[in-house]
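Asks:
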Amino acid sequence: MNNTDIARILHRLATMLEIEAANPFRVRAYREAARVLDSLTEPVASLVEEAGRLEKLPGIGKDLAAKIRDIVRTGTTQVYEEMKARVPIEVAALTALQNMGPKRVKTLLDRGIRNLEELEQAARAGQLAALPGFGEVTQMKIIQAIESARRESGRTRLSEAWPVAHAIADRVRTVEGVTQVEIAGSFRRRKETIGDLDILACGGAPDAVMEAFTTHYEVAEIKARGASKSSLQLASGLQVDLRLVPPESFGAAMLYFTGSKQHNIELRRIALDKGWSLNEYGLTEKDRQVAGRTEEEVFRALGMEWIPPELREAQGEIRLAQEGRLPRLIELGDLRADLHIHTDRTDGRESLETMVRALRDKGYAYCAITDHSKSLTMAFGFDTERVRQSVQEIAAVREAVPGIEVLHGLEVDILADGALDLDEEGLALLDWVIVSLHSRLKQPREEMTARVLKALAHPAVHVMGHPTARMIGSREPVELDMEAVLDQAARHGAMMEINAQPHRIDLNDLNARMAKERGIKMVIDTDSHRLRELDYMQYGVFAARRAGLTKDDVLNTLPYDAFRAALAERRSRSAPS
DNA sequence: GCCGTTTTCGGCCCGACTGTTTTCAGTCG
Numbered sequence: 006m007n008n009t010d011i012a013r014i015l016h017r018l019a020t021m022l023e024i025e026a027a028n029p030f031r032v033r034a035y036r037e038a039a040r041v042l043d044s045l046t047e048p049v050a051s052l053v054e055e056a057g058r059l060e061k062l063p064g065i066g067k068d069l070a071a072k073i074r075d076i077v078r079t080g081t082t083q084v085y086e087e088m089k090a091r092v093p094i095e096v097a098a099l100t101a102l103q104n105m106g107p108k109r110v111k112t113l114l115d116r117g118i119r120n121l122e123e124l125e126q127a128a129r130a131g132q133l134a135a136l137p138g139f140g141e142v143t144q145m146k147i148i149q150a151i152e153s154a155r156r157e158s159g160r161t162r163l164s165e166a167w168p169v170a171h172a173i174a175d176r177v178r179t180v181e182g183v184t185q186v187e188i189a190g191s192f193r194r195r196k197e198t199i200g201d202l203d204i205l206a207c208g209g210a211p212d213a214v215m216e217a218f219t220t221h222y223e224v225a226e227i228k229a230r231g232a233s234k235s236s237l238q239l240a241s242g243l244q245v246d247l248r249l250v251p252p253e254s255f256g257a258a259m260l261y262f263t264g265s266k267q268h269n270i271e272l273r274r275i276a277l278d279k280g281w282s283l284n285e286y287g288l289t290e291k292d293r294q295v296a297g298r299t300e301e302e303v304f305r306a307l308g309m310e311w312i313p314p315e316l317r318e319a320q321g322e323i324r325l326a327q328e329g330r331l332p333r334l335i336e337l338g339d340l341r342a343d344l345h346i347h348t349d350r351t352d353g354r355e356s357l358e359t360m361v362r363a364l365r366d367k368g369y370a371y372c373a374i375t376d377h378s379k380s381l382t383m384a385f386g387f388d389t390e391r392v393r394q395s396v397q398e399i400a401a402v403r404e405a406v407p408g409i410e411v412l413h414g415l416e417v418d419i420l421a422d423g424a425l426d427l428d429e430e431g432l433a434l435l436d437w438v439i440v441s442l443h444s445r446l447k448q449p450r451e452e453m454t455a456r457v458l459k460a461l462a463h464p465a466v467h468v469m470g471h472p473t474a475r476m477i478g479s480r481e482p483v484e485l486d487m488e489a490v491l492d493q494a495a496r497h498g499a500m501m502e503i504n505a506q507p508h509r510i511d512l513n514d515l516n517a518r519m520a521k522e523r524g525i526k527m528v529i530d531t532d533s534h535r536l537r538e539l540d541y542m543q544y545g546v547f548a549a550r551r552a553g554l555t556k557d558d559v560l561n562t563l564p565y566d567a568f569r570a571a572l573a574e575r576r577s578r579s580a581p582s
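If you read the first sequence in this note's numbering, its first letter stands for residue 6, the second for the next number, and so on.
1. Do the region 260–270 and the region 194–210 touch if we need at least three Cβ pairs shorter than 8 Å?
2. Indicate whether Glu253 and Gly209 have their beta-carbon atoms separated by less than 8 Å.
3. In terms of residues, what are the limits of the beta strand (DSSP E) holding Thr289?
4. Could you tell me how far apart the beta carbons of Asp514 and Ala552 are, in whole angstroms, since I believe they sit closer than 8 Å?
5. To which residues of the same chain is Ala571 closer than 7 Å at the C-beta, ignoring the five residues directly before and after it?
6. Opposite Ala342 in the DSSP bridges: which residues?
7. Of the residues Leu59, Asp201, Ala342, which one's Cα is nearest the Cα of Tyr565?
8. My output table needs one value for Val483: the three-state DSSP class, helix, strand or coil.
9. Among the residues of its own chain, which have a CB less than 6 Å from the CB of Leu334, if the five just before and after it don't count?
10. Can the beta-carbon of Met501 be found less than 8 Å from the beta-carbon of Pro482?
11. State the DSSP-derived secondary structure class of Gly545, mapped to helix, strand or coil.
12. Taking three-plus beta-carbon pairs below 8 Å as touching, is the region 420–430 in contact with the region 376–392?
13. Once the 5 residues before and after Glu310 are set aside, which same chain residues still bring their CB inside 7 Å of it?
14. Please classify Ser235 as buried or exposed, where buried requires at least 16 neighbouring CB atoms within 10 angstroms.
15. With a Cβ-Cβ cutoff of 8 Å, do Val396 and Val417 count as a contact?
16. In whole angstroms, give me the CA-to-CA distance for Ala548 and Gly414.
17. Residues bridged to Arg248 by DSSP?
18. Mind checking whether Met519 and Thr46 have CB atoms under 8 Å apart?
19. Of all the options Met145, His16, Ser378, which has the alpha carbon lying nearest to the alpha carbon of Ile419?
20. Looking at the structure shown, is Asp511 part of a helix, part of a strand, or coil, going by DSSP?
21. Report the partner residues of Asn504 according to the DSSP bridge assignment.
22. Mind checking which residues open and close the beta strand (DSSP E) that includes Asn284?
23. Taking Cβ positions, are Val92 and Leu114 nearer each other than 8 Å?
24. Based on DSSP bridge pairs, tell me the residues matched to Glu416.
25. Leaving aside the five residues before and after Glu226 along the sequence, list all residues of the same chain whose C-beta is less than 8 Å from its C-beta, in chain order.
26. Are the beta-carbon atoms of Met259 and Glu187 separated by less than 8 Å?
27. Three or more beta-carbon pairs under 8 Å between the region 344–359 and the region 288–307, yes or no?
28. Is the distance from the Cβ of Val32 to the Cβ of Leu22 below 8 Å?
29. Using 10 angstroms around the beta-carbon of Tyr35, count the other beta-carbons present and answer buried if the total reaches 16, otherwise exposed.
30. Which of the three DSSP states is assigned to Gln294 in this structure?
31. Between Ser233 and the rest of its own chain, which residues show a CB-CB distance below 8 Å, the 5 nearest in sequence each way excluded?
32. On the three-pair Cβ rule with 8 Å, is the region 201–208 touching the region 518–537?
33. Strictly by DSSP, which residues pair up with Ile199?
34. Select from Val411, Ala189, Lys556, Val438 the residue whose C-alpha is nearest the C-alpha of Gly256.
35. Could you name each continuous alpha helix (DSSP H) segment of 4 residues or more that falls completely within the region 75–150, going from the start of the chain to the end?
36. My understanding is that Arg162 touches Ile477, with C-beta atoms under 8 Å, so please give their C-beta distance in whole angstroms.
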């Protein structure tokens, strides 16, 4: 039972309580607890062992702590079992539908409608429209929501939303009188996936702005259109909201619509303590506006530094901002190298020379070419003989492409038993060794953990590539005791990669936070297999920023000589005694 | 259900839009 599983139960409990019209603040307490557990960087199961640790978490008191202990130990807790009996309904699936909240679900429950199938049947039979709180329109919307829930998995990868978000923002920007357009929401917080897009605009006639917004060629359906807010759905299924706000409120609105929700709640609490009120229109004292034109203004008035959007997750950033101790987050321009690159020698599309030229032209001072090792037979992976040959190839490309240092690397498979897929002779020929999991990903947790621990203990290893091997939306992370892995990496001076492929983002922000806590250095790499993937670097930087990483946490921000010195130092430290 | 150098009780963030109402509840963010 991992943190997400426990959070899911608490979340479901909250919804079931809501259906039963329980005290809304009690409902909120369960939701808040779920959120806190889900964003924790250590396993709840380990907190349970020590008395009082759970109760120290924000929003978790004696009562919830006891329930969480139950869930960790037995997989459930009494109130959850009771609730499941009283609310025998597919809560999550039903409330996930647009326009379906606790009240309507309660109405369904009273009519014996318990799941999506029964709901769809009733809707198509026209039986829903007569229910209290429903109607013809709602009935139709429910049918559509069920159909679209079947089509979509729900969230969109940031990289997929990136071009369309900017295209729509640019279109609104062209409207006469519009002075500012910004994309807010989880997009601005650079989450790896987003649920919808929130765009803010300022200036211009409402009708003209909304017209430009709702007529973008990708629009499939206009869901709402008002003077200050419109909502639409794109052909891809992505929902986009646009809000038109007055200039004196733009900063407050940016703050509000960037979120996270929990971050905003904490800010409002601070405003209340000062006798003020904070909403999307501004920070006000009675009727007097205290701040609101810019975010900086609002943060300053609240007595803190401006907080980068990536950190606004209610993870302690507000305290840091009040104390003036926010980290100076890493930026794309800090990176001096891309250290995970494939070529057509294995499964990449481009020649070695083309890739190295492109890397140099991107302005990198150095790079590492890291094709696959032999166990990836479908990628024509390298054996020792091929690595020997590669030494010559790398020497040739260094000659052919001046202006960038090229490390001779390899992405070596971690075999099922934790051995490396290259012998000592081959490893000794390399400047840079990434080890990665590519096969046998279904191993049980114990086996997988032992496998990785063994690989990380090998003195030739520099970094672990895409450590959990997950693919967002298509493959779950491997079962791995990440704490044990990070402890091992710290012990042996191994690094962890933040793989910037937008479907990997691996390490993710939470794991990167855990790595930082242990003083582990990270590298951010694109794992490029073709030229355009070199531009993925920004997505890795986003994850690093969300984890609160600075330039100092990431080794490929170092100048080349300092980088080589750091590698040499690490190797002497981990040399067998 | 949580929380508290103002409180162990009485607070707990707030507004827009829609559809179903007949003045507003439900949902969403």
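Quick reminder that beta carbons are idealized off the backbone N, C-alpha and C, glycines included.
Replies: The short version:
1. A contact exists between the region 260–270 and the region 194–210.
2. Going by C-beta atoms, Glu253 is not nearer than 8 Å to Gly209.
3. 287–290 is the extent of the beta strand (DSSP E) around Thr289.
4. With a Cβ gap of about 4 Å, Asp514 and Ala552 count as contacting.
5. Cβ within range, chain order: Leu560, Leu563.
6. According to DSSP, which records beta bridges pairwise, Ala342 is partnered with Tyr371.
7. The shortest C-alpha to C-alpha distance from Tyr565 to any of Leu59, Asp201, Ala342 is the one to Ala342.
8. In this structure, Val483 counts as coil in the three-state DSSP scheme.
9. Hits under 6 Å: Pro313, Arg550.
10. No, the pair does not count as a contact, with Cβ atoms beyond the cut-off.
11. It is helical.
12. Judged by Cβ distances under 8 Å, the region 420–430 makes contact with the region 376–392, as three or more pairs qualify.
13. Taken in chain order, the residues that qualify are Phe304, Ala326, Gly329, Leu331.
14. Residue environment analysis places Ser235 among the buried positions, since at least 16 neighbouring C-beta atoms fall within 10 angstroms of its C-beta.
15. Their beta carbons are not under 8 Å apart, which means Val396 does not touch Val417 by this criterion.
16. Ala548 and Gly414 have their C-alpha atoms some 24 Å from each other.
17. Answer is Leu205, Lys234.
18. Yes, these two residues count as a Cβ contact at 8 Å.
19. That would be Ser378, whose Cα lies nearest to the Cα of Ile419.
20. If DSSP states are grouped into helix, strand and coil, Asp511 belongs with the strands.
21. Assignment of beta-bridge partners to Asn504 by DSSP yields Asp511, Asp530.
22. Residue range 282–284 is occupied by the beta strand (DSSP E) that includes Asn284.
23. If you check the CB distance, Val92 and Leu114 come in under 8 Å.
24. According to DSSP, Glu416 shares a beta bridge with His377, Ile439.
25. For Glu226, where only same-chain residues beyond five positions count, the Cβ hits under 8 Å are Leu237, Gln238.
26. The beta carbons of Met259 and Glu187 sit closer together than 8 Å.
27. The region 344–359 is not in contact with the region 288–307.
28. Yes, Cβ-Cβ distance for Val32 and Leu22 is below 8 Å.
29. Residue environment for Tyr35: buried (at least 16 other C-beta atoms within 10 angstroms of its C-beta).
30. It is a strand residue.
31. Taken in chain order, the residues that qualify are Pro211, Arg248, Leu249, Val250.
32. With the cut-off at 8 Å, the region 201–208 and the region 518–537 do not touch.
33. DSSP output for Ile199 lists Thr161 as bridge partner(s).
34. The shortest Cα separation from Gly256 among Val411, Ala189, Lys556, Val438 belongs to Ala189.
35. As far as the region 75–150 is concerned, its whole alpha helix (DSSP H) runs of at least 4 residues are 83–91, 96–100, 107–115, 121–129.
36. Rounded, the Cβ-Cβ distance is 6 Å, consistent with contact.
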